[in-house]
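Working notes for the structure below.
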Amino acid sequence: MDRLSRLFLSSDLSKLGAKEAPTSVAISAHEKQTIGFIPLRLSPPIKIRTIRDVFDLFLNHEFSRLLMIVLWLVFCGFIETFMAQLSDMRYHAGPAISKHPLSDLLHDAFPLVANTQIVNYLLTVILVYTVVGFAFQSPDWTTRYMILRRWAFIMGFLYIFRGITLLVTTLPSSLIDECRPPEIELTGTVGQRFAFIAQVVGGTALTCTDNIFSGHTALMFSCCMIWRVHSRFHRVYSWIVYLLSTAGILMILFTRFHYTVDVVLAIYITYTTWDTYLRYVEEASMRYMFGFTRNSTFDLFNTQLHTGDATRTYQYLNWQPHPLGKKWIMWFIMYVDGLDIRLRALRVFDENGVWQSQKPASMAEKKLQVQSIV
């Protein structure tokens, strides 16, 4: 087992604090809290030894929230596809449009690949590789649930946002000349159009205005973000998914599946969404672990710099009188991410989820305490 770990896991996990399962530091991880009338563990078991462990695995705070996020993902997918159909209706009802008036000039420099299914094949390989890779390398079920929730929530948000961009931005099809939307999209009932979604998702039916931005690219790049942020493997295993995603994105362009602008926007929007989400998690961790009540960086300056110019120094370096970010967004992401569960397991929150706000001493104060003892 040690040889297998050395083969797959990075050698510097101890420095990163990721060698052992994160739950091992949670004092109250195995304690239960009553939700309604059902006692649920704060954290799922790392290993399954008894039937009770199976019950605790599927009925706890982490898994129940994962189920809710999966429902969110499905709901967002339906809304996004339905918006794409509404965009097709606008495309059909509008005035006659000349063939490709806004065609992407970069496409002329790309070779033409006729088989568009190559894109779907590469996407499937990337998804399977990511799921299997993180099922194997994640140290415990808390980590698996957390990564799945992050991916599902962010993809759901991207689906909704993409649906809005499809609805308000109508471009001619990059794939088919004089594309005509399927008749069921134009004249079918709401129920028939929702049922038609299965054909769109399965790749057996194509929409005409499913352009800005590329959903395939967003999904591939989200897998890249998962590997970039969460992987404990050696870097070579992350580069595999990077190369597969690069091949998939190139095939999207070679097959004329999307305009280049669709791909560029998808990469930018996906990265920005992941970065915003993870920064809110970091901000919440800083606030509740160290007793900060405002922006954590601002409070850190005031805590560590014991001068009258601490606030001015912060503003001089950052100049953010009103930093971006809202508390309600932070609290919402905390719930989605399960950060409040992890803080409760560390006893930063009590059994009712109330913050035990005891601001710790600064590093300078700790040094003074040590010197006074000596």
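1 is the number of the first residue of the sequence shown in UniProt numbering; add one for each residue after it. C-beta: ideal position from N, C-alpha, C; glycine also. Small disclaimer: the values here were computed from a predicted structure and weren't measured.
Length of the line joining the Cα atoms of residue i and residue j
i, j, result
"residue 22", "residue 135", "16 Å"
"residue 126", "residue 117", "14 Å"
"residue 32", "residue 348", "16 Å"
"residue 63", "residue 52", "15 Å"
"residue 12", "residue 66", "30 Å"
"residue 341", "residue 60", "11 Å"
"residue 41", "residue 335", "16 Å"
"residue 262", "residue 211", "6 Å"
"residue 174", "residue 253", "10 Å"
"residue 367", "residue 19", "Because the pLDDT at residue 367 is just 48, under 50, the model does not fix this residue reliably, and the point stays unresolved."
"residue 288", "residue 207", "47 Å"
"residue 312", "residue 300", "13 Å"
"residue 9", "residue 137", "8 Å"
"residue 377", "residue 333", "The structure shown has nothing for residue 377, since the chain only spans 1 to 374."
"residue 47", "residue 235", "27 Å"
"residue 293", "residue 314", "16 Å"
"residue 283", "residue 295", "8 Å"
"residue 181", "residue 163", "17 Å"
"residue 54", "residue 291", "37 Å"
"residue 153", "residue 78", "14 Å"
"residue 96", "residue 90", "Residue confidence for residue 96 is low, a pLDDT of 47 falling below 50, so the modelled location carries little weight and cannot support an answer."
"residue 191", "residue 217", "29 Å"
"residue 45", "residue 24", "11 Å"
Chain-order list of residues whose beta-carbon lies under 8 Å from that of residue i (same chain, five-residue window excluded)
i, result
"residue 101", "With a pLDDT of only 42 at residue 101, under 50, the local geometry of the prediction cannot be trusted, and the value read off the model is given with reservation. 172, listed in sequence order."
"residue 26", "42, 43, 342, 345 and 346"
"residue 34", "40"
"residue 50", "none"
Whole-Å CB distance - residue i paired with residue j, under 8 Å assumed
i, j, result
"residue 213", "residue 165", "6 Å"
"residue 219", "residue 123", "6 Å"
"residue 241", "residue 129", "6 Å"
"residue 221", "residue 271", "7 Å"
"residue 194", "residue 185", "With a Cβ gap of about 11 Å, residue 194 and residue 185 do not count as contacting."
"residue 88", "residue 209", "6 Å"
Option nearest residue i by Cα separation, candidates the options
i, options, result
"residue 259", "282, 44, 318 and 170", "170"
"residue 233", "75, 69, 81 and 139", "139"
"residue 142", "318, 285, 4 and 58", "58"
"residue 149", "5, 274 and 290", "274"
"residue 229", "314, 151 and 84", "151"
"residue 80", "227, 54, 111 and 168", "168"
"residue 160", "182, 325, 215 and 4", "215"
"residue 331", "322, 217, 278 and 235", "278"
"residue 402", "324, 188, 296 and 133", "In this structure the chain extends from 1 to 374, so residue 402 is not present and cannot be described."
"residue 113", "251, 199 and 155", "251"
"residue 147", "339, 355 and 325", "339"
"residue 325", "280, 297 and 350", "280"
Residue-level contact to chain D via CB, residue i, 8 Å cutoff
i, result
"residue 164", "This model lacks chain D altogether, as it is built from one protein chain only."
Close beta carbons around residue i, own chain, < 6 Å, minus the five adjacent residues each side
i, result
"residue 231", "238"
"residue 110", "253 and 254"
"residue 76", "156, 159 and 160"
Write down every uninterrupted run of the alpha helix (DSSP H) in the region 264-333 whose length is 4 residues or greater and which is fully enclosed by it, in chain order.
296-304 and 310-318
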